[in-house]
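Student: According to this note's numbering, the sequence shown is numbered sequentially starting from 7. Structure below; questions to follow.
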Amino acid sequence: MKMANSKSAKRAFVSSAIAVLLCVVMLIGTTFAWFTDTAKTGVNKIQSGTLDIELQMKDKDGNWVNAEGKTLDFRKSADAPEGEAVLWEPGCTYELPELRVVNNGNLALKYKIVVSGITGDAKLLEAIEFTGLDDIGDVEHLLPAEASSAPIKITGHMKEDAGNEYQGLEADGVSVIVYATQYTHEYDSFDNRYDAGAGIITTYDELTYALATSTNVIKLSGDVDTLGNHAIMGSSKEQNVVLDMNGKTLGSSKDVWDDGAARWSLLSVRGANKTLTVTGNGEIRARANDSYAIDIRNGATVIIKDGKFIGNIDAVYVERGKLVVEGGFFDLIQKHPESKSGFLLNCFDDNYKAGTASIEVKGGTFVNFNPADCAAEGAHTNFVAAGYKVVPAAQANGDIWYTVVAE
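Next up, the structure:
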């Protein structure tokens with residue numbers, strides 16, 4: 007989800023009017039006085055938009071109340087004895103409290119509702135059919151400012167043919183998550199497309215689309231599985247994008263590496279008109295014995311602010327372009343058979359020698375890899391920028407962590 011809580015702008019308005027009067031004066035000793043005036047305009051206040059989403063439920067009295075952090079229990083009919091348990095039997099139907107999404111902010115937004123898991127015995131859930139979930143599944147909905155969605159009704163019905171094997175089991179409730187991000191609705195001085203790249207990023211397809219179209223910030227809303235693909239930022243448009251990992255993980259449950267298809271990494275940034283800044287203390291973790299975490303090609307620039315980057319042989323590989331490391335934690339799963347962690351950060355040798363592939367380290371921690379004295383581009387390669395130094399620290403397991411700090 008991307009959200010701009012504040013947009014800062016500076017507008018200076020200078021208004022001046024100069025009247026020049028040319029005259030010929032032949033009088034000696036005359037005193038001249040300059041008449042002056044000042045005209046100015048005030049700038050209206052700069053008001054940042056707010057994105058504020060709330061999930062509400064209807065209580066037993068029919069009032070809408072905040073549902074965040076609560077467990078939604080299946081309900082009995084109004085005339086049921088107080089305290090009677092919710093017991094499932096063939097043909098019965100129970101419903102959850104009605105839900106709705108409320109936009110308490112002053113920005114239009116789009117939202118997605120995810121049912122993260124129905125609690126209870128898995129066996130019992132095989133015999134229960136749920137309705138209402140299709141209406142809120144993997145779909146983005148538009149919600150204007152200060153508006154609420156239509157009520158959402160989720161109902162469970164136990165199949166009539168459910169057998170005795172479902173006796174004595176329990177089902178308690180569901181967990182519902184709302185992901186929201188701003189929508190292209192409000193106009194700035196030019197149009198209403200400034201946040202067109204905003205997205206709810208929880209899947210590979212959503213991330214790929216955002217990398218191809220965004221020109222500002224991409225924020226992960228959940229962990230992303232590339233499913234054996236690599237996410238590419240490589241469209242023809244000029245992009246300077248921040249990838250906010252938001253504490254999430256980018257990984258793959260299937261092998262990514264395919265040298266014939268030039269598929270080397272989970273994330274590939276390509277093009278001289280591309281700059282990607284990675285922040286948000288997330289993790290880009292390659293599958294064991296598979297790919298790199300990130301590769302940089304065709305003159306692109308990647309700036310790493312923080313997070314974890316776990317790869318195989320290389321964590322980050324620069325084919326042609328520039329890597330700037332300002333923070334983060336770097337380690338390998340699969341190590342080089344001879345150099346071990348010696349290629350944790352690595353460039354394509356010929357391009358490094360030609361000056362078209364470079365690495366500059368100003369921060370970060372590197373496991374068993376000294377970025378000021380490594381073998382990545384030959385003996386004693388130094389990637390550390392001037393004004394910085396490396397501080398080694400031995401670990402209990404025998405590893406050495408090399409941390410780069412300012413001198």
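Even glycine gets a Cβ: it sits at the ideal position worked out from N, Cα and C. Given the structure is predicted, the values throughout are model-derived calculations rather than measurements.
Could you give the distance in angstroms between the alpha-carbon of GLU192 and the alpha-carbon of LYS311?
Tutor: Note that GLU192 scores 45 on pLDDT, short of 50, meaning its location in the model is unreliable and no value can be drawn from it.
Student: Closer than 8 Å to a non-hydrogen atom of the ligand FAD - does that hold for the CB of HIS342?
Tutor: By its list of ligands, the structure shown contains no ligand whatsoever, and the ligand FAD lies outside what it can speak to.
Student: Below 8 Å on the Cβ atoms is my contact criterion, and I expect LEU115 with LEU61 to pass it. Report the Cβ-Cβ distance as a whole number of Å.
Tutor: At roughly 13 Å, the Cβ-Cβ gap does not stay under 8 Å, so LEU115 and LEU61 are not in contact.
Student: From the DSSP output, in three-state form, read off GLY162 for me.
Tutor: Here GLY162 sits in strand by DSSP.
Student: Is it true that the CB of THR285 sits closer than 9 Å to the CB of MET239?
Tutor: In this structure, THR285 does not lie closer than 9 Å to MET239 by Cβ.
Student: Output the distance between the C-alpha atoms of THR409 and PRO343, rounded to the nearest integer angstrom.
Tutor: So the alpha carbons of these two residues sit roughly 24 Å apart.
Student: At which residues does the alpha helix (DSSP H) containing LEU102 begin and terminate?
Tutor: Per DSSP, LEU102 belongs to no alpha helix (DSSP H) and is neither H nor E.
Student: In three-state terms, what does DSSP make of HIS191?
Tutor: Confidence in HIS191 is poor, its pLDDT being 44 and thus under 50, which makes the residue's placement unreliable; the coordinate value appears in the next sentence. Here HIS191 sits in coil by DSSP.
Student: Go through its chain and collect everything with a Cβ distance to ASP296's Cβ below 7 Å, but skip five positions before and after it.
Tutor: Excluding sequence neighbours, ASP296 sits near ASP261, VAL262, TRP263 and ASN318.
Student: For PRO398, which three-state DSSP category applies?
Tutor: PRO398 falls in the strand class under three-state DSSP.
Student: With TYR323 as the anchor, note down where its beta strand (DSSP E) starts and where it stops.
Tutor: First-last of the beta strand (DSSP E) with TYR323: 322-324.
Student: List the endpoints of the continuous beta strand (DSSP E) containing ALA360.
Tutor: From DSSP, ALA360 is part of no beta strand (DSSP E) but of the alpha helix (DSSP H) over 355-360.
Student: Assuming contact is defined by CB atoms lying nearer than 9 Å, are ARG276 and ARG303 in contact in what I supplied?
Tutor: Going by C-beta atoms, ARG276 is nearer than 9 Å to ARG303.
Student: Taking the beta strand (DSSP E) that TYR172 belongs to, which residues open and close that run?
Tutor: No beta strand (DSSP E) holds TYR172; DSSP gives it neither H nor E.
Student: Counting C-beta neighbours from all protein chains within 10 Å, is the total for ALA399 16 or more, i.e. buried, or is it exposed?
Tutor: It counts as exposed.
Student: Distance check for VAL182 and GLY97, CA to CA, integer angstroms please.
Tutor: So the alpha carbons of these two residues sit roughly 25 Å apart.
Student: Helix, strand or coil for THR77, going by three-state DSSP, please let me know.
Tutor: Here THR77 sits in coil by DSSP.
Student: Nearest-angstrom Cα distance between THR208 and LEU272?
Tutor: Taking the straight line joining both Cα atoms gives about 15 Å.
Student: Are the beta-carbon atoms belonging to PRO377 and VAL396 less than 9 Å from one another?
Tutor: Taking 9 Å as the Cβ cut-off, PRO377 and VAL396 qualify as a contacting pair.
Student: Closest to ILE224 by C-alpha separation, out of MET63, SER154 and TYR210, would be which residue?
Tutor: Considering only alpha carbons, the answer is TYR210.
Student: Identify the continuous beta strand (DSSP E) that holds THR283 and give its terminal residues.
Tutor: From DSSP, the beta strand (DSSP E) with THR283 extends over 280-285.
Student: Please name the residue or residues paired with THR219 in a DSSP beta bridge.
Tutor: For THR219, which the question treats as bridged, DSSP gives no partner whatsoever.
Student: Okay, do the stretch 89-106 and the stretch 155-165 touch, 3+ Cβ pairs below 8 Å being the bar?
Tutor: In short, these stretches touch, since the Cβ pair count reaches three.
Student: So is PHE38 buried or exposed if we call it buried at 16+ other beta carbons inside 10 Å?
Tutor: With a pLDDT of 37 at PHE38, under the threshold of 50, the modelled position of that residue is not reliable, and no figure is offered here.
Student: I'd like the span of the beta strand (DSSP E) that includes ILE309, first residue to last.
Tutor: Its beta strand (DSSP E) spans residues 306-310.
Student: I'd like to know whether the C-beta atoms of ALA292 and ILE339 end up nearer to each other than 9 Å.
Tutor: In this structure, ILE339 lies closer than 9 Å to ALA292 by Cβ.
Student: Going by the CB atoms, is the gap between LEU329 and THR283 shorter than 9 Å?
Tutor: No, they are not a contact pair.
Student: By alpha-carbon positions, which one of HIS236, ARG81 and ASN222 ends up nearest to ALA267?
Tutor: Minimum Cα distance to ALA267 is reached at HIS236.
Student: Tell me the rounded alpha-carbon separation between GLY174 and GLU88.
Tutor: Near 21 Å, if we compare the C-alpha coordinates of GLU88 and GLY174.
Student: Could you tell me which of THR232, GLY169, GLU332 and THR77 sits nearest to PHE389, measuring between CA atoms?
Tutor: Cα-wise, what sits closest to PHE389 is GLU332.
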